[in-house]
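Presented below is the structure to which this report refers.
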Amino acid sequence: GVTISDNAADVGGGIFNSNSTANVVNTIVAGNQARTASPDTLGTYVSQGYNLIGDGQSNTTGFSGLGDQVGPATARINPRLGALAANGGPTQTHALLSDSPAIDQGTCSRATPADQRGTLRYDFPEILNANGGCDVGAYELEGPLTVSVGDATVTEGTGGADTQVFAVFKVSLSRPSNTPVTVQYIAEDFTATGGVLGDSFVDYGSCNGTLQFPAGTISQTISCRIGNDDRDEADELFFMSLSNPTGDASLANSVGFGLILDDDATPRVAVNDVTLAEPSVGQANAIFNVSLSAPSNRTIIVNYATADGTASAGNDYVQKSGTLIFQPGDVGFSIPVEVNADSIEEPDETFFLNLSVVMNADLGDSQGRAIIGKGERTVGTGDVIISELRLRGPKGAEDEFIELYNNTDHPITVAVTDNSDGWALVSSDGVIRFTVPTGTILPARSHYLAVNDTEMTGYSLSVAASGDISYQREIDDNAGVALFSTSNMGDFVASNLLDAVGFSAQLPALFKEGTALTSTASMNGEYSFVRKQNTGRPADTGDNSSDFVFVSTDGGLYGAAQSTLGAPGPENSQSPVGLNVSEFTGGLVDPAVCGACGVNRVRSLVSDPANNSTFGTLAIRRTFTNNTGRELTRLRFRIVDLTTYPTTSPGLADMRVLTSGDELVTVTGGTTVLVRGTVLEAIPSQSHGGGLNSSLGLPGTAQSSSQRVAFSLLGGPSKRVKSRGEITLAAPLPPGQSISVQFLLGVQKTGSFRFFINVEALP
Numbered sequence: 001g002v003t004i005s006d007n008a009a010d011v012g013g014g015i016f017n018s019n020s021t022a023n024v025v026n027t028i029v030a031g032n033q034a035r036t037a038s039p040d041t042l043g044t045y046v047s048q049g050y051n052l053i054g055d056g057q058s059n060t061t062g063f064s065g066l067g068d069q070v071g072p073a074t075a076r077i078n079p080r081l082g083a084l085a086a087n088g089g090p091t092q093t094h095a096l097l098s099d100s101p102a103i104d105q106g107t108c109s110r111a112t113p114a115d116q117r118g119t120l121r122y123d124f125p126e127i128l129n130a131n132g133g134c135d136v137g138a139y140e141l142e143g144p145l146t147v148s149v150g151d152a153t154v155t156e157g158t159g160g161a162d163t164q165v166f167a168v169f170k171v172s173l174s175r176p177s178n179t180p181v182t183v184q185y186i187a188e189d190f191t192a193t194g195g196v197l198g199d200s201f202v203d204y205g206s207c208n209g210t211l212q213f214p215a216g217t218i219s220q221t222i223s224c225r226i227g228n229d230d231r232d233e234a235d236e237l238f239f240m241s242l243s244n245p246t247g248d249a250s251l252a253n254s255v256g257f258g259l260i261l262d263d264d265a266t267p268r269v270a271v272n273d274v275t276l277a278e279p280s281v282g283q284a285n286a287i288f289n290v291s292l293s294a295p296s297n298r299t300i301i302v303n304y305a306t307a308d309g310t311a312s313a314g315n316d317y318v319q320k321s322g323t324l325i326f327q328p329g330d331v332g333f334s335i336p337v338e339v340n341a342d343s344i345e346e347p348d349e350t351f352f353l354n355l356s357v358v359m360n361a362d363l364g365d366s367q368g369r370a371i372i373g374k375g376e377r378t379v380g381t382g383d384v385i386i387s388e389l390r391l392r393g394p395k396g397a398e399d400e401f402i403e404l405y406n407n408t409d410h411p412i413t414v415a416v417t418d419n420s421d422g423w424a425l426v427s428s429d430g431v432i433r434f435t436v437p438t439g440t441i442l443p444a445r446s447h448y449l450a451v452n453d454t455e456m457t458g459y460s461l462s463v464a465a466s467g468d469i470s471y472q473r474e475i476d477d478n479a480g481v482a483l484f485s486t487s488n489m490g491d492f493v494a495s496n497l498l499d500a501v502g503f504s505a506q507l508p509a510l511f512k513e514g515t516a517l518t519s520t521a522s523m524n525g526e527y528s529f530v531r532k533q534n535t536g537r538p539a540d541t542g543d544n545s546s547d548f549v550f551v552s553t554d555g556g557l558y559g560a561a562q563s564t565l566g567a568p569g570p571e572n573s574q575s576p577v578g579l580n581v582s583e584f585t586g587g588l589v590d591p592a593v594c595g596a597c598g599v600n601r602v603r604s605l606v607s608d609p610a611n612n613s614t615f616g617t618l619a620i621r622r623t624f625t626n627n628t629g630r631e632l633t634r635l636r637f638r639i640v641d642l643t644t645y646p647t648t649s650p651g652l653a654d655m656r657v658l659t660s661g662d663e664l665v666t667v668t669g670g671t672t673v674l675v676r677g678t679v680l681e682a683i684p685s686q687s688h689g690g691g692l693n694s695s696l697g698l699p700g701t702a703q704s705s706s707q708r709v710a711f712s713l714l715g716g717p718s719k720r721v722k723s724r725g726e727i728t729l730a731a732p733l734p735p736g737q738s739i740s741v742q743f744l745l746g747v748q749k750t751g752s753f754r755f756f757i758n759v760e761a762l763p
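Residue 112 in the numbering used here is what sits at position 112 of the sequence shown, and the numbering runs on without skipping anything.
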């Protein structure tokens, strides 16, 4: 574009075109003078558009192109130009005044990239035009140089690192700059939480730095990675804040909002059914387990109330109602309902526990049924199960144990109908390994342990728990074992089968359930197969592969069997009946803040690979209250769900249970609280850190075979009770009093994680 102004001639003061045709585009010819006629132009022209001609009609033709502004002699257009002056660049120019009709009325596509001074052409977006225009003429008006950030909306990710999702903020300059521009940026929390991705409560990754605009660039983007999780939560916001612009720029819109849209399904809440024997005296508890289909990051409120069936409140059971509050991350609660004894002979009776959701969950199975059993009880499949076993250990093929578990809420007496000696555990080779004698009483939720006591090469975990019964003929690694309600070999049929676990797909149906477990292929190791306890009770779906997890102290591959880092933990009949969460309640050390905030959860980024914490540690602190009604002297904790080695997805963490020390912490309001440290127990040795089925105590605690009672933070009873170390209290913990403890996890790989425990206590 060219600017021709403040010139004078006899005719055609701006341009006098004679006997030729001139092509004109994006040019100002205005404000010129002629002594006789045609002050701005004279002659014939070919307009290529977007010209501003003060008087383009006096003895002039051709200015009728797209975007042309052409004045007549009687109303010449004033271009509103400044005087010829040094406005930058090698030559003087006429600057456009702020009200010039040439501003943004040209075309960038037909103009040179820069004006006469070298200033880059620019289309001001706030000035409406149809042609995306730069300024007409040789001068491009520079407005103020400002930096602005826009908003960003993104749907959160759903899983591993291969589904990375980013919130993208567009940052713009008001116009191009001839020199580089920089601006600093930082993402800040509003309702969303920033931090180290992989934590279930972190919504977006740390996002800060300096954004650079090379000369001529008018927009850049900032990408903040969003956390991948599978927890239902509200849509959340965070800020993107700009500061400290350089290059003569100033801030315009310095804050953008990042909106993270949740894409996870609302969890469903359900309650189980309960069967128990009516007590002969006093009362017994019918324990209903209320659970979520998945953890949530919302607070979920559920009301519950009992209702009569054939049993009546006041006579047969104690009416109960209340409210459950699931804090973010909680997955279950137990509700004990007291059942009364009576001496009346009558059929089994029923009552119900009904659920209603107040907020943030959907109803699944909303009614739990309790059956109060009367008289003699028939033992069926699933009532007594094989809960943990191994057919080989570190000492070899005879380092075996098989643990049985009463999977009901009532005692079971071993009884037979065929005059045999009791219940037989049979290998798939057809040989009985041991028989639980007739008359043996298995208390509700108790264990019974059988071990191979072959001298020197047999069971090696007697310090953890001794056997209730023993045998010496080893069981083959690829075998199956079945528990029958008889020891008569002719009656080993499906109708007498109580449970079965197998290690080969080729086994007869009596010696496995569903898909068999994978054999360890005659490889020795400190390992066992243990039923999963994600909900506080041993899993029993009728499928061995789904119900059991293979744990070892090295998380290694044994033949084709891939183990999960953890530890074997056999139990015997001296292990006590588990109690529910209402009798030993877990809460936050600082209840004034969220479970992932303040002293309740502390993340350290100090790397210590030698201590199984390559990416630092995570300390989880909780306070436990004794609601058992009696003094407690010892506590112990067992891991029942943990994301640990080897993780199966790039998005999952690898967490290791570590030893921690006591700490004095300050909570909201200035109060100090002593948080007791815990130590990973060393039976068996766990040099890679603790995992599934590992337990925590304190150093120097005396070994003991005393009975223990157990609790589950997940809402069901703990399965694991051992004679290893516990937290020995300086003084007994009276009913209603609390103790705070710390669980320290080493982070070997970042990502989403799970961590659930059962709590064991000793009066």
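We put the CB at the ideal spot given by N, CA and C, even for glycine. Computed from a predicted model, the values in this text were never measured in an experiment.
- Leaving aside the five residues that flank N59 on each side, the residues in its chain whose CB is nearer than 7 Å to its CB run, in chain order, A37, S38 and L42.
- Assignment of M523 by DSSP, reduced to helix, strand and coil, places it in the coil class.
- In this structure N289 is in contact with T535, their Cβ atoms being roughly 7 Å apart against a cut-off of 8 Å.
- Here DSSP, grouped into helix, strand and coil, assigns P336 to strand.
- Look at S495 here: in three-state DSSP terms it is helix.
- Contact annotation, E278 with I372: C-beta distance approximately 5 Å; criterion of less than 8 Å satisfied.
- As computed with DSSP, N285 is found in a beta bridge with E338.
- DSSP places S545 inside the alpha helix (DSSP H), whose first and last residues are N544 to D547.
- Within the DSSP bridge table, the entry for T306 names L353 as partners.
- In the three-state scheme derived from DSSP, where H, G and I count as helix and E and B as strand, T625 is classed as strand.
- Within a 10 Å sphere around the beta-carbon of R231 sit 16 or more other beta-carbons, which makes this residue buried.
- Under the DSSP definition of a beta bridge, S172 partners with S148 and S219.
- Straight-line measurement puts the Cα of L733 at about 8 Å from the Cα of I739.
- Looking at the backbone, the Cα of Q33 and that of P144 are separated by about 34 Å.
- Looking at the backbone, the Cα of G542 and that of G332 are separated by about 23 Å.
- Under the 10 Å beta carbon count, F550 is surrounded by 16 or more other beta carbons and is classified as buried.
- Q742 has R621 as its beta-bridge partners, per DSSP.
- M456 carries a coil assignment under DSSP once its states are collapsed to helix, strand and coil.
- At a Cβ-Cβ threshold of 8 Å, V416 and G422 count as neighbours.
- Distance from the CA atom of L497 to the CA atom of T486, rounded to whole angstroms, is 9 Å.
- Distances from the CA of R473 to each of G480, F492 and E400 were compared; the closest alpha carbon is that of E400.
- For S649 and V599, the gap between their C-alpha atoms comes out near 30 Å.
- The residue from V181, S177, F239 and L173 with its alpha-carbon nearest to that of G205 is F239.
- Annotated as distal: V463 and N693, with beta-carbon spacing of 8 Å or more.
- At the C-beta level, D135 and D99 stay beyond 8 Å of one another.
- Secondary structure at P437: strand, using DSSP grouped into helix, strand and coil.
- By the Cβ criterion, the segment 117-133 is not in contact with the segment 13-24, since fewer than three pairs of Cβ atoms, one from each stretch, lie closer than 8 Å.
- Using a 10 angstroms sphere on the CB of L605, the tally of other CB atoms stays under 16, which defines it as exposed.
- Per the C-alpha coordinates, the member of K532, A521 and A567 positioned closest to A561 is A521.
- Of the candidates G157, L173 and G133, L173 places its Cα closest to the Cα of S148.
- Counting only runs of at least 3 residues, the segment 383-413 fully encloses the following beta strand (DSSP E) elements, listed from N- to C-terminal order: 384-390 and 401-406.
- Around the beta-carbon of L261, fewer than 16 other beta-carbon atoms lie within 10 Å, marking it exposed.
- A Cβ-Cβ distance of about 5 Å is found for the pair N478 and S504, placing them in contact under the 8 Å criterion.
- Membership of G736 in any beta strand (DSSP E) is not indicated, and neither H nor E is assigned to it by DSSP.
- Runs of the beta strand (DSSP E) lying entirely within the segment 32-73, each at least 3 residues long, are 33-37 and 41-47 in chain order.
- Boundaries of the beta strand (DSSP E) around T182: V181 to D189.
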